[in-house]
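Student: Residue numbers (our numbering), protein chains in the order written: chain A, 295 to 623; chain B, 16 to 478.
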Amino acid sequence: MRRLLWRVLELLAILRGVVRAAREPPADERDDDGIDPSCRVTPSSPGAERALAVLLVLAGLGLAAFGVLIAVDADPRLLGAVLGGGLACLAAALIVAGLRIVPQEVAVEERPPLGDERARAAALEQLRGGTEGVSRRRLIVGAAGAAGTGLAAAAVLPITALGPGAHVLDESPWRAGVALVDEDGQPIGADAVPVGSFATAFPAGADRRELGSPVVVVHVDPRTLDLPAERRTWAPEGLLAFSKICTHAGCAVSLFRYPLYEPTSDAPALVCPCHYSTFDVRRAAKVTLGPAGRPLPQLPLRIDARRRLVAGGPLSGSVGPAWWGTQRG
Amino acid sequence: MSPHVDPVAFVDERLGAAGPLRKALRYVFPEHWSFLLGEMALYAFVVLLATGTFLALFFEPSTAQTTWHGPYAPLDGAQVSVAYGSALDLSLTVPGGLLMRQTHHWAALLFVVAITLHLLRVVFTGAFRKPRELTYAVGVTLLMLAVLEGYVGYSLLDDLLSGMGLAIGYSTALSLPGIGGALGTLLWDGAFPGGPAFVPRLFIAHVFILPAVIATLIGLHLWMVVRTRHAQFPGPGRRERNVVGSPMWPAYALRSLGWLFAVAAVLVLLGGLVQINPVWQWGPYEPWVGENGAQPDWYLGWLIGALRLMPNWEAAVFGRTIIPNPFFGGVVFPGIVFGFLYALPAVDRVFFTHDQAEHHLLDRARDNPRRSGVLAAMLVFVVLIFFFGSADRVFLTLSIPYELQLWLARGLVFVAPALAYVLVRRWCLALRRADAHPLRAVDAELVPPPRTDDTLATTAERG
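#1: Give me the Cα-Cα distance between Glu-54 (chain B) and Arg-37 (chain B), rounded to the nearest whole angstrom.
#2: Can you grab the Cα-Cα spacing for the pair Asp-464 (chain A) / Val-613 (chain A), in whole Å?
#3: With a floor of 3 residues, list each beta strand (DSSP E) that falls wholly inside the region 73-146 of chain B, ordered by position along the chain.
#4: Beta carbon of Ala-375 (chain A), beta carbon of Leu-288 (chain B): below 8 Å?
#5: Using C-beta distances below 6 Å, list every residue in its chain close to Arg-379 (chain B), excluding the 5 sequence neighbours before and after it, in chain order.
#6: Locate the beta strand (DSSP E) running through Gly-260 (chain B), then write down its first and last residues.
#7: State yes or no: is the beta carbon of Met-325 (chain B) nearer than 8 Å to at least one beta carbon in chain A?
#8: Assuming Phe-126 (chain B) and Ala-56 (chain B) form a contact by the criterion Cβ under 8 Å, report the distance between their Cβ atoms to the nearest whole angstrom.
#9: Could you spell out the range, first to last residue, of the beta strand (DSSP E) harbouring Gln-296 (chain B)?
#10: Do three or more CB pairs link the region 161-180 of chain B to the region 270-278 of chain B at distances below 8 Å?
#11: Can you look up Thr-467 (chain B) in the DSSP assignment and give me helix, strand or coil?
#12: Quick check: does the Cβ of Val-512 (chain A) come within less than 7 Å of any heavy atom belonging to the ligand MN?
#13: Jot down the residue ranges of each uninterrupted alpha helix (DSSP H) in the region 382-462 of chain B, minimum 4 residues, whole runs only, in chain order.
#14: Do you know offhand how far Val-395 (chain B)'s Cα is from Leu-132 (chain B)'s?
#15: Relative to chain B, which residues along the region 471-485 of chain A have a C-beta separation below 7 Å, given in chain order?
#16: Identify whether His-513 (chain A) lies in helix, strand or coil by the three-state DSSP scheme.
#17: Between Trp-468 (chain A) and Gly-196 (chain B), which are expected to be in contact by the criterion C-beta below 8 Å, what is the C-beta distance as a whole number of angstroms?
#18: Drop a sphere of 10 angstroms on the beta-carbon of Ala-446 (chain A), count the other beta-carbons inside from all chains shown, and report buried for 16 or more, exposed for fewer.
#19: Return the residues of the region 444-474 of chain A that lie within a Cβ-Cβ distance of less than 8 Å from chain B, sorted by chain order.
#20: Look at the alpha carbon of Gly-154 (chain B) and the alpha carbon of Leu-134 (chain B), and state the distance between them as a whole number of angstroms.
#21: For the alpha helix (DSSP H) that Ser-186 (chain B) lies in, which residues bound it at each end?
#22: Along chain A, which residues have their Cβ under 8 Å away from the Cβ of Arg-386 (chain B)?
#23: Going by beta carbon distance, what residues of the same chain come within less than 7 Å of Arg-394 (chain A), once the five residues before and after it are set aside?
#24: Is DSSP giving Leu-421 (chain A) helix, strand or coil here?
#25: When the Cα of Thr-541 (chain A) is compared with those of A:Arg-525, A:Arg-526 and A:Ser-571, which residue comes out closest?
#26: Taking only beta-carbon positions, decide if Lys-538 (chain A) is within less than 8 Å of chain B.
#27: Hey, quick one: how far does the alpha helix (DSSP H) through Asp-27 (chain B) stretch, first residue to last?
#28: Against chain A, which members of the region 370-401 of chain B pass a CB distance test of less than 9 Å?
#29: Applying the criterion that 16 or more other CB atoms from any shown protein chain within 10 Å of the CB defines a buried residue, is Asn-340 (chain B) buried or exposed?
#30: Which residues in chain B have a C-beta closer than 9 Å to the C-beta of Asp-410 (chain A)? List them in chain order.
#31: Would you mind sorting Glu-399 (chain A) into buried or exposed? The rule is 16 or more other CB atoms within 10 Å of its CB.
#32: Can you pull the chain B residues whose beta carbon is under 9 Å from the beta carbon of Trp-528 (chain A), in chain order?
#33: Alpha carbon to alpha carbon, what distance is there between Ala-279 (chain B) and Ala-391 (chain A)?
#34: Put Thr-443 (chain A) into one of helix, strand or coil per three-state DSSP.
#35: Since Leu-505 (chain A) meets chain B, which of its residues come closer than 7 Å, beta carbon to beta carbon?
#36: Which one of B:Ser-106, B:His-375 and B:Asp-382 has the shortest CA to CA distance from Arg-13 (chain B)?
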């Protein structure tokens, strides 16, 4: 009984499909509006042909003039104007020819059908036929997988030879007793950086281009300092030093904002010009604005007997942009 | 070859080329101004190859230090890298060098502009639908590669601007969870600013690897276009199964060649008359030097905007960073945008159109209000972040505080796209209702244009 019901339903469904198919035209003709837009016109325009000739001659003159001018090393502006002008004439000539001189045609092309089920089936058959008579199929597939994995490893792993790996990232030349020098290699005196100003310093005798090298020294009123207890001795006379490399994206933190009128202005801060991360120098370079995720590492300072600035120890944390596992301190 | 041999017959008898040639000459291009955007990208690439070849003959990719001497007094006698020195030389002393370099730079900007506009045309008209999903995916890949190629190109010169850009790229590489540290030091041949192999690596990537991949993908993209034939807008006589337009020979070929030279002319005029990236003014890069107001090339504006907008979150465990901040703006954000673009054909099928059929007739934006709404939302999202990338310039010119802009933008990037979706969807619906208004007499019969041989203007096809 139930099967019979199904049969009837099936039959109904098929009939419905047939009726629908009979009512609706096939997809190809459904959108056929009966219009044939194809046409071909041969314009005949002596005026356009004259214009074409003039433009082509102008183009030739401009392009040749460019050749001559480059030989005599003319001003780049003149070179650009002449070459660009020549090319523009050539472009105009081709467009005039394409629109006003050659035959204008609207053509209708039938699209080639995409996807051929029979060809697809035949191709798959051919592929399958290639393994005819193979009995230990699984064994071979597994072994081929092993070979493939080895090949992939052999192809990919040589990239590790390209560089040293992440262990070089944490290096910095700063140690206790290393003197701070300026760009000319001269020691920086404690009195060379007045309150409200800043200076760039490097470790004496080290590679300056290393990210761990450049520090920025700033001078603020020592009474306003708000450093953590263990850093109280790191800023003698209000002189502070921080890594100059931004902890966000590695740019040089090269702006120092110092308030002109303390009561209404923001606190003194180092600002990175790339993404405007702002570091409050009195509070050990705490981030007060922008995307940097951790403060600039601080360099403990000492003033030696000759009143020169000397590192009191290594930088307080990892320099520059962070990576997986960077100490946040 | 004897003078009596017909060259066409000579080639045809050896390669059988006449048949394909005959077909190619009759290949039909449907016409619409927006179909010229893809061609503009292709022609900008041609200009890039031509000018880039010239530049590669002079540029020396080396970070070795040298003392530069030349006509630019402020840098005469300065210690610079060989790469920067050769960029100065080819700009200031090689005849035509500055014209070539500036044209190259303008062409790179236009290349990405053209691809982006072409992409917008494709997504808003639903041109990515079956059977063009693969063509579209190759196109999206080309956009990504074009942005990368441009970035690598201006990073080569070792001037202050390129060094700052590379520092950000390096930090973004480092921010990849797990592998970042190793990857960054592998690519840079050591810790930033990199070992001696780094600039030569950038050079080979810029002049060989990336252009070869881009050229191959352009070829593949065009081959796919030809396989499916061009899509076309609906119109009289235009059906899903045909393509109506101008055959390639002669009119279309001449006009398209004219378009090539027009694009080249504009780029050369810009290169000659409008200064761009004057590297001698920026000076050489040192890791401890930074400049305020530095802006990247336009196509990186959306990324710098995202890096700046991101709150300073970092994932950390036991006082150690797991996910550094640049990961969000520099990896996740472009990942979302390109992921969306790659997924669009599938998303469109599942959520907007629900069909598996082939589509060769293009939609107008109004034909699919929800698709257009979602696209507008995504566009507004990216464009807002792009404009925030220059918030510091806005502060300097309009005095709107940077902090205020930051907080406004952080809210707007969520509110504005939602608003854009609603507005654009309603706009599309309104346009559709207007189309179907009784006064437009949609049931009236279209009168086929008379077929005459002496006038073209009467055929509905021209325009």
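C-beta: ideal position from N, C-alpha, C; glycine also.
Tutor: Here's the rundown:
#1: Note on geometry: alpha-carbon atoms of Glu-54 (chain B) and Arg-37 (chain B) lie some 23 Å from one another.
#2: Those two C-alpha atoms are separated by around 7 Å.
#3: Complete beta strand (DSSP E) runs here, min 3: 80-82 and 94-96.
#4: In contact: Ala-375 (chain A) and Leu-288 (chain B) (Cβ atoms closer than 8 Å).
#5: For Arg-379 (chain B), where only same-chain residues beyond five positions count, there are no Cβ hits under 6 Å.
#6: Counting along the chain, the beta strand (DSSP E) containing Gly-260 (chain B) begins and ends at 257-262.
#7: Answer yes: the Cβ-Cβ gap between Met-325 (chain B) and chain A drops below 8 Å somewhere.
#8: Taking 8 Å as the upper bound for CB-CB distance, Phe-126 (chain B) and Ala-56 (chain B) are in contact here, some 6 Å apart.
#9: Gln-296 (chain B) -> not in any beta strand (DSSP E); alpha helix (DSSP H) instead, spanning 294-297.
#10: Touching, no.
#11: Per-residue confidence for Thr-467 (chain B) stands at a pLDDT of 44, beneath the threshold of 50, marking its modelled position as unreliable; no derived number is given.
#12: With respect to the ligand MN, the structure shown offers nothing to examine, as it has no ligands at all.
#13: Counting whole runs of 4 or more residues, the region 382-462 of chain B contains the alpha helix (DSSP H) stretches 384-403, 406-413 and 417-450.
#14: The C-alpha of Val-395 (chain B) lies about 15 Å from the C-alpha of Leu-132 (chain B).
#15: Cβ contacts with chain B: none found.
#16: In this structure, His-513 (chain A) counts as strand in the three-state DSSP scheme.
#17: Going by Cβ atoms, the distance from Trp-468 (chain A) to Gly-196 (chain B) rounds to 21 Å, so no, they are not a contact pair.
#18: Flag for Ala-446 (chain A) reads exposed.
#19: Result list: Ile-453, Thr-454, Leu-456, Gly-457, Pro-458, Gly-459, Ala-460, Val-462, Leu-463 and Glu-465.
#20: About 8 Å.
#21: Here the alpha helix (DSSP H) through Ser-186 (chain B) covers 175-189.
#22: Those do not exist, as Arg-386 (chain B) stays about 21 Å from chain A at its closest Cβ, beyond 8 Å.
#23: Taking C-beta separations shorter than 7 Å and ignoring five residues to either side along the sequence, the partners of Arg-394 (chain A) in its chain run Pro-337, Ser-339 and Ala-342, following chain order.
#24: Three-state DSSP puts Leu-421 (chain A) in a helix.
#25: Taking Thr-541 (chain A) as reference, the option from A:Arg-525, A:Arg-526 and A:Ser-571 with the minimal CA-CA separation is A:Ser-571.
#26: Closer than 8 Å: yes.
#27: It spans 22-30 - the alpha helix (DSSP H) in which Asp-27 (chain B) sits, taken as one unbroken run.
#28: Flagged, chain order: Ala-372, Glu-373, His-375 and Leu-376.
#29: Looking at its Cβ environment, which holds 16 or more other Cβ atoms inside 10 Å, Asn-340 (chain B) is buried.
#30: Those within 9 Å of Asp-410 (chain A) in chain B number zero; the least Cβ separation is about 13 Å.
#31: It is buried - the Cβ of Glu-399 (chain A) has at least 16 other Cβ atoms within 10 Å.
#32: The premise fails here: Trp-528 (chain A) is roughly 20 Å from chain B at the closest Cβ pair, so nothing lies under 9 Å.
#33: Straight-line Cα distance between these residues: approximately 18 Å.
#34: It is helical.
#35: Taking a Cβ-Cβ threshold of 7 Å, the residues of chain B close to Leu-505 (chain A) are Ala-206, Phe-207 and Pro-302, in chain order.
#36: Residue numbering for chain B in the displayed model covers 16 to 478; residue 13 (chain B) lies beyond these limits and cannot be assessed.
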